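Residues in the sequence shown are numbered from 1 upward in steps of one, following the UniProt record's numbering. All residues carry an ideal CB built from backbone N, CA and C; glycine is no exception. The structure presented is a predicted model; accordingly, all values stated were derived computationally and were not measured. Below is one structure, written out as structure tokens, with a few remarks after it.
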Amino acid sequence: MTEFVYDPPPDIPVVLHADHHVLVVDKQAGLLSVPGRGEDRADCLIARLREAFPTVLLVHRLDLDTSGVMVFALTPQAQRHLSKQFEDRLTKKVYVARLSGRLQPETGRVDLPLIVDWPNRPRQKVDHVEGRPAQTDWRVVRATDVETRVRLMPVTGRSHQLRVHMASLGHPILGDPLYATGAAADHPRLMLHAESLRFRHPDTGVQTGFSAKVPF
1 MTEFVYDPPP DIPVVLHADH HVLVVDKQAG LLSVPGRGED RADCLIARLR
51 EAFPTVLLVH RLDLDTSGVM VFALTPQAQR HLSKQFEDRL TKKVYVARLS
101 GRLQPETGRV DLPLIVDWPN RPRQKVDHVE GRPAQTDWRV VRATDVETRV
151 RLMPVTGRSH QLRVHMASLG HPILGDPLYA TGAAADHPRL MLHAESLRFR
201 HPDTGVQTGF SAKVPF
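In structure tokens form, the structure reads like this:
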């Protein structure tokens, strides 16, 4: 197995919104959300944000290879409020992905429980006995016999959920280093982007939404 070399992008994260309570950014693909193990993996999104926003606090994560909208808290109260929304599935997340092959039908739901594949971490796998419930809705945007562009709406938020669920349908996300093989894996990046996120603002309670342009 090829040893993983962490080579984060040099670009400064794009700030989509900032106020006294929350910070919303467009995360780059190839950048860790939080520090990894070892000094060579200290560079990450939250560390870069802390330079301009010293009180920044983590609420949720995106995979290293996934780009798109992330929300951070700027106060402990906002962190508790936002974290509870994610825990109670009150947030609305929409991802865009490019999949290998033609996905049919045009809409559907994957309902497959997931668990960490311990001998092959960080991989996850479907496990109908011990896996935690996981559901993903999909809607096809356009499709050819070669690939399908979809919008994915996760109901739950398990690790690698979208990646494992699409691979389980026989249509892995293009560029996925863990779950795609052959030509499907041969892309410059994972073709998965968190396009939009909606949540209730922790201060006003108003439903708020942010989006980031799909880069592929």
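Using a Cβ distance threshold of 9 Å, Ala78 and Pro202 count as a contacting pair. Within the same chain, Leu57 come within 8 Å of Pro76 by CB-CB distance, once the 5 residues on both sides are set aside.
About 11 Å separates the Cβ atoms of Arg163 and Leu174, ruling out a contact at the 8 Å cut-off. Apart from the 5 residues on each side of it in sequence, Leu62 sits with its Cβ closer than 8 Å to the Cβ of Lys27, Ser33, Gly68, Met70, Ala194 in its chain, given in chain order. Taking Arg109 as reference, the option from Arg139, Val126, His81, Asp117 with the minimal CA-CA separation is Arg139. Residue pairing of Gln207 in beta bridges, as defined by DSSP: Arg200. DSSP places Gly30 outside both helix and strand once states are collapsed to three, so it counts as coil. Here Pro119 carries a helix assignment [DSSP, helix/strand/coil]. In this structure, DSSP gives His128 a state outside helix and strand, which the three-state scheme calls coil.
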